[in-house]
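Participant: Protein chains in written order, with my numbering: chain Y, 143 to 597; chain P, 2 to 226.
Next comes the structure, spelled out in structure tokens:
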């Protein structure tokens, strides 16, 4: 894995880790095998040498029986390389030393007169076998320095370890290559992802990838799909927004040029008024777009509190009172008690303002607007009803789409108001529905919030 | 000359109508595709300025229907979509020209004039008849090189007759080209305008065919330029 861009110290290499683990496992296994061989060899060597000691003692005793009767104390030279480490002593029944090897100490090897014994003499450990003849006239003691056995056993174990020392580097190399080959598909996937342009979000081909990598690829592809749809959504929204802004801009420009070319004052004044109206409309469109963009947090409500919708409705209606008065629209609020909804007060204000704004915009002069906030079994219902032109039932499903406008209203809205309403409603787990106005004329927008603490 | 503007945006539709009216056209404005279809079936529009994003019946669909009916009237598309694919789609559906919002009113009117000229098979932007010359862009008329001042309706009437040299135009046809549908002309308005034109340009130019209409005879046409 070429984690070149990853911060150092926090990452580890899968390949390095695999190689280290393989080598460690191999070494431990081999060391354990060598140790067991050493233990086993020591036991075998011990038994073999004990048998040799006993045999040597038998031979010496057999000879001593008829040859050494009156031999004065004598020493026999030691020739073999282990000669210094093997020794014998022959004693008579009165405790006199009859014969000893050069390597043997003058002191008696052991006090035992029969069988095996371990004895420390002059800082060395001896393994001694003692044997007397039948009438106990002669005692033969054959000893051997203990270290001989240890050396032999260690030798066996060491010989077993030599190949390991040669094999380990070779093994390391082989493991390195094998791990590299095993991880190659991972590298391929990594390279493919790395090579991608930021906007190339098609799924990574998972066909040839190993089973272990499939979940990662699946997760990656799911992420790609999500990001792709988000980007697609954003792109469409931006394109729509740009498209929607072109028309008011074109209108402003056309009207301004009409004013420039107008020879009579009435036409010029009309065109200039239209320029102002067009600018207002473009401004409103931009504000609505910003509102909608802000209402797009990826998850839930940032700051949910208990909001009194009744109080909020009163505040919004108070703000809009001058507009209502200018159109002589009769506005009434029916909100008998504080009614709390779990949500974001700013967003809920945006929701109410859009509903009231729509009603004021489309209700003709002298019309009526009714706002009701009611609670029933914990669930809150907000209704904004007017006696304006209403929305034909065939179009009610579409008016929540961005930039959808109902025609023939004589009004040029941004086409975003109800999209904003729907977004706020969604974020609050509420539902919105459109209905006829009171007495079958106009429009009623009804928002039902779930009971507080439930949503 | 009568034009139809199909634009659903009230401010823009109003602006285009005002702008084209200033350029001397009689302009009707409808706000959706259905209304445009009805208007086109009933009135002799010389050209259609068509927005693509229309309610009820989209501009492209309206255009396809027109062309399927064999209606060859020039159509200038107005749109906010400016990708190549959009432009190609619009032109392939039968549009004659394409203007992307926001546009310049002067450019729009120039393109409208160019389309009208082309649809009449006319190469020279200035209409000539003998020593009479009419420049639609400058809205000027000269007779033997001398400038003749005409009222807007007189200019439009002369323009209409010159565009149809040799063809008899009925009073009704001329009225339809002179007035939008919200303007009801006086019953003798055409006669009055013709009278004024004869006074300013000579009595022989426009011939009256009793009970039929008016015509500028082609026989006296000299080779252009």
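Each residue gets a CB set at the ideal place from its N, CA and C atoms; glycine is no exception.
Could you tell me whether the Cβ atoms of residue 280 of chain Y and residue 206 of chain Y are closer together than 8 Å?
Facilitator: Yes; because the gap between Cβ atoms is below 8 Å, this pair is in contact.
Participant: Please determine, among Y:309, Y:283 and Y:339, the residue with the shortest C-alpha to C-alpha distance to residue 172 of chain Y.
Facilitator: Checking every option, the nearest Cα to that of residue 172 of chain Y belongs to Y:309.
Participant: What does the Cβ neighbour count give for residue 373 of chain Y, buried or exposed, with the cut at 16 atoms within 10 Å?
Facilitator: Exposed, because fewer than 16 other Cβ atoms sit within 10 Å of the Cβ of residue 373 of chain Y.
Participant: Using the C-alpha atoms, what's the distance from residue 394 of chain Y back to residue 388 of chain Y?
Facilitator: Looking at the two C-alpha atoms, the distance is approximately 10 Å.
Participant: Pick out the complete beta strand (DSSP E) segments inside the stretch 501-533 of chain Y, 3 residues or longer, and give them in chain order.
Facilitator: If we require 3 residues or more, the beta strand (DSSP E) runs fully inside the stretch 501-533 of chain Y come out as 510-518 and 521-528.
Participant: Distance check for residue 478 of chain Y and residue 456 of chain Y, CA to CA, integer angstroms please.
Facilitator: Computed Cα separation, rounded: 11 Å.
Participant: Using a Cβ-Cβ distance cut-off of 8 Å, determine whether residue 563 of chain Y contacts chain P.
Facilitator: With 8 Å as the cut-off, residue 563 of chain Y does not count as an interface residue toward chain P.
Participant: In the DSSP assignment, what are the bridge partners of residue 591 of chain Y?
Facilitator: In the DSSP output, where bridge partners are listed per residue, residue 591 of chain Y has Y:522.
Participant: Look up residue 575 of chain Y in the DSSP assignment and give the residues it is bridged to.
Facilitator: According to DSSP, which records beta bridges pairwise, residue 575 of chain Y is partnered with Y:588.
Participant: Got a sec: which bits of the stretch 368-397 of chain Y sit with their beta carbon under 9 Å from any beta carbon on chain P, in order along the chain?
Facilitator: Under the 9 Å Cβ criterion, the stretch 368-397 of chain Y contributes 381, 384, 385, 386, 387, 388, 389, 390, 391, 392, 393, 394, 395, 396 and 397.
Participant: Note down the Cα distance separating residue 161 of chain P from residue 460 of chain Y, rounded to an integer number of angstroms.
Facilitator: Residue 161 of chain P and residue 460 of chain Y: Cα-Cα distance of roughly 59 Å.
Participant: Kindly provide the ranges of any beta strand (DSSP E) runs that are 3 or more residues long and lie completely inside the stretch 81-115 of chain P, ordered along the chain.
Facilitator: Counting whole runs of 3 or more residues, the stretch 81-115 of chain P contains the beta strand (DSSP E) stretches 98-101.
Participant: Along the alpha helix (DSSP H) that carries residue 243 of chain Y, what are the first and last residues, could you check?
Facilitator: Counting along the chain, residue 243 of chain Y falls outside any alpha helix (DSSP H), though it belongs to the beta strand (DSSP E) covering 239-243.
Participant: Where does residue 390 of chain Y land, buried or exposed, given buried means 16+ other C-beta within 10 angstroms?
Facilitator: Buried, because 16 or more other Cβ atoms sit within 10 Å of the Cβ of residue 390 of chain Y.
Participant: Could you confirm whether any beta carbon from chain Y is found closer than 8 Å to the beta carbon of residue 19 of chain P?
Facilitator: Closer than 8 Å: yes.
Participant: What in chain Y is Cβ-close to residue 81 of chain P, meaning under 7 Å?
Facilitator: Under the 7 Å cutoff, chain Y gives 385, 388 and 389.
Participant: Roughly how many angstroms lie between the CA atoms of residue 381 of chain Y and residue 370 of chain Y, to the nearest whole one?
Facilitator: Roughly 16 Å between the two C-alpha positions.
Participant: Kindly confirm or deny that the stretch 291-309 of chain Y and the stretch 170-190 of chain Y touch, where touching means at least three C-beta pairs closer than 8 Å.
Facilitator: Touching, yes, given that three or more Cβ pairs across the two stretches are closer than 8 Å.
Participant: Among the candidates Y:398, Y:367 and Y:192, whose CA atom is the shortest distance from the CA of residue 228 of chain P?
Facilitator: Past the boundaries of the shown model lies residue 228 of chain P; chain P is included only from 2 to 226, so the question cannot be answered.
Participant: Is there contact here, the stretch 171-185 of chain P with the stretch 107-127 of chain P, by at least three beta-carbon pairs under 8 Å?
Facilitator: No, they do not touch.
Participant: Does any residue of chain Y have a CB that is nearer than 8 Å to the CB of residue 26 of chain P?
Facilitator: Output row for residue 26 of chain P: interface = no.
Participant: Which runs of the alpha helix (DSSP H), 4 residues or longer, sit entirely within the stretch 382-461 of chain Y?
Facilitator: Runs of the alpha helix (DSSP H) inside the stretch 382-461 of chain Y: 407-436.
Participant: Between residue 414 of chain Y and chain P, is the shortest Cβ-Cβ distance under 8 Å, so that the two count as touching?
Facilitator: Residue 414 of chain Y does not count as touching chain P.
Participant: Taking only the alpha-carbon atoms, compute the straight-line gap between residue 514 of chain Y and residue 476 of chain Y and give it to the nearest angstrom.
Facilitator: The alpha-carbon atoms of residue 514 of chain Y and residue 476 of chain Y are separated by roughly 5 Å.
Participant: Are the stretch 410-422 of chain Y and the stretch 23-33 of chain P touching, with three or more C-beta to C-beta distances below 8 Å?
Facilitator: Counting Cβ pairs under 8 Å, fewer than three are found: no touch.
Participant: For residue 81 of chain P, which residues in the same chain have their Cβ closer than 6 Å to its Cβ, ignoring the five residues on either side in sequence?
Facilitator: Cβ within range, chain order: 102.
Participant: Write down the C-beta distance between residue 77 of chain P and residue 51 of chain P rounded to the nearest angstrom, noting that I regard them as a contact closer than 8 Å.
Facilitator: Yes, they are in contact, since the Cβ atoms of residue 77 of chain P and residue 51 of chain P sit about 7 Å apart, within 8 Å.
Participant: Counting along the chain, where does the beta strand (DSSP E) carrying residue 3 of chain P start and finish?
Facilitator: Start and end: 3-7.
Participant: Mind pulling the chain Y residues with CB within less than 7 Å of residue 103 of chain P?
Facilitator: Those are 388, 391, 392 and 395, listed as they occur along chain Y.
Participant: Near residue 454 of chain Y, which residues of its chain fall below 8 Å by C-beta distance, leaving aside the five closest residues on each side in sequence?
Facilitator: 487, 490, 491 and 494, listed in sequence order.
Participant: Residues in the stretch 414-429 of chain Y with C-beta within 8 Å of chain P's C-beta atoms, listed in sequence order?
Facilitator: Per Cβ criterion, the list reads 416, 419, 420 and 423.
Participant: Mind checking who residue 261 of chain Y pairs with in its DSSP beta bridge?
Facilitator: DSSP lists Y:268 as partners of residue 261 of chain Y.
Participant: DSSP three-state call for residue 29 of chain P: helix, strand or coil?
Facilitator: Of the three classes helix, strand and coil, the one that applies to residue 29 of chain P here is strand, per DSSP.
Participant: Below 9 Å on C-beta distance, what does residue 60 of chain P contact in chain Y?
Facilitator: Here the premise fails: no neighbours, minimum Cβ distance about 13 Å.
Participant: Per DSSP, which residues does residue 485 of chain Y bridge with? Please list them.
Facilitator: In DSSP, residue 485 of chain Y forms a bridge with Y:447.
Participant: Could one say the Cβ of residue 147 of chain Y lies closer than 8 Å to chain P's Cβ atoms, at least one of them?
Facilitator: With a pLDDT of 47 at residue 147 of chain Y, under the threshold of 50, the predicted position of this residue should be treated as unreliable, though the coordinate-derived value follows. Cβ-Cβ to chain P under 8 Å: no for residue 147 of chain Y.
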